[in-house]
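Count along the sequence shown from 1, add 44, and you get the number used in this note's numbering.
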Amino acid sequence: MSSAKIRTFQTICIISARPVFSALGVAFTKHGELGVSPISSVANVLSCRFPFLTLGNWLIIWNCVLIIGQIIVLRSKFRLIELLQIPLSFLFGWFTDLGMWMVAGIPANIYPVRILLVLIGILILGFGIALCVIANVIMNSGEAFVKAVSTTLGKNFGNVKIVFDVMCVVVALLLSLIFFDFTIVGTREGTVLSALLTGLVVKFFCKYLESPLNAMLHGKSMV
């Protein structure tokens, strides 16, 4: 097999690994029952209110809504290759449910363990995001939506990401208050921790994984 084909295969593996690690991170965080990441918080509340669909199913629906949002925002500038976000969204949803089944046996009846589960989930999620950033492959639908808005408005990506995360949490809180008689469900301190720490975890992994991954994918020297 030629080196070009090997690098293509490696890239495909990284693209596929992103939703797997992200889903496992969400599963750990969800099992802690202290809230999930801001971008998953809307789907989490909906899964609590309408359990006939799993969290993974609601995440698939939510991600598809964000893809439609990109099409509306970008219009003719939307690239067809971005439709690859659809199968990746399905992988993310399916592996979230699989991950929740895998971690279901972990006892989470005391608060320190629940916090630990959230922190483990954040580490795994950050690792998955770092793989995507370093390989410069297709973003997930949430990040792609933020990029679409920031590009269209000419605003800084980081600033738009902060606003987007806050809006996701606000929508999740409003849905919770509406569906659960003015009670907050599915959005707690774990959501805040995820919002504060995920970016730092991504920076950490990017710092130490960028050179070896670039060497693997592009044949660059690690020196």
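By construction, the Cβ of each residue, glycine as well, lies at the ideal position given by its N, Cα and C atoms.
Report task. For the alpha helix (DSSP H) holding M211, just list the boundary residues, first then last. Result -> F201 to F223
Query raised in the report: So what does DSSP say about F248, is it helix, strand or coil?
Result: helix
Query raised in the report: M266 by DSSP, collapsed to three states: which one?
Result: Residue placement at M266 cannot be trusted, given a pLDDT of 45 that sits under 50; what the coordinates show is reported in the next sentence. Looking at M266 - three-state DSSP - the assignment turns out to be coil, as it is neither helix nor strand.
Query raised in the report: In whole angstroms, what is the alpha-carbon distance linking Y252 and I168?
Result: 15 Å
Query raised in the report: What number of angstroms, rounded off, separates the C-alpha of I116 from the C-alpha of A192?
Result: 10 Å
Requested in this report: Identify, in the order they occur along the chain, each residue of the same chain with its Cβ nearer than 7 Å to the Cβ of W106, setting aside the five sequence neighbours on each side.
Outcome: V86 and A87
Query raised in the report: Taking DSSP as the reference, what is the three-state secondary structure of R123?
Result: coil
Report task. Below 8 Å CB to CB, which residues in the same chain sit around C108 once its five sequence neighbours on both sides are set aside? Result -> I130, S133 and S185
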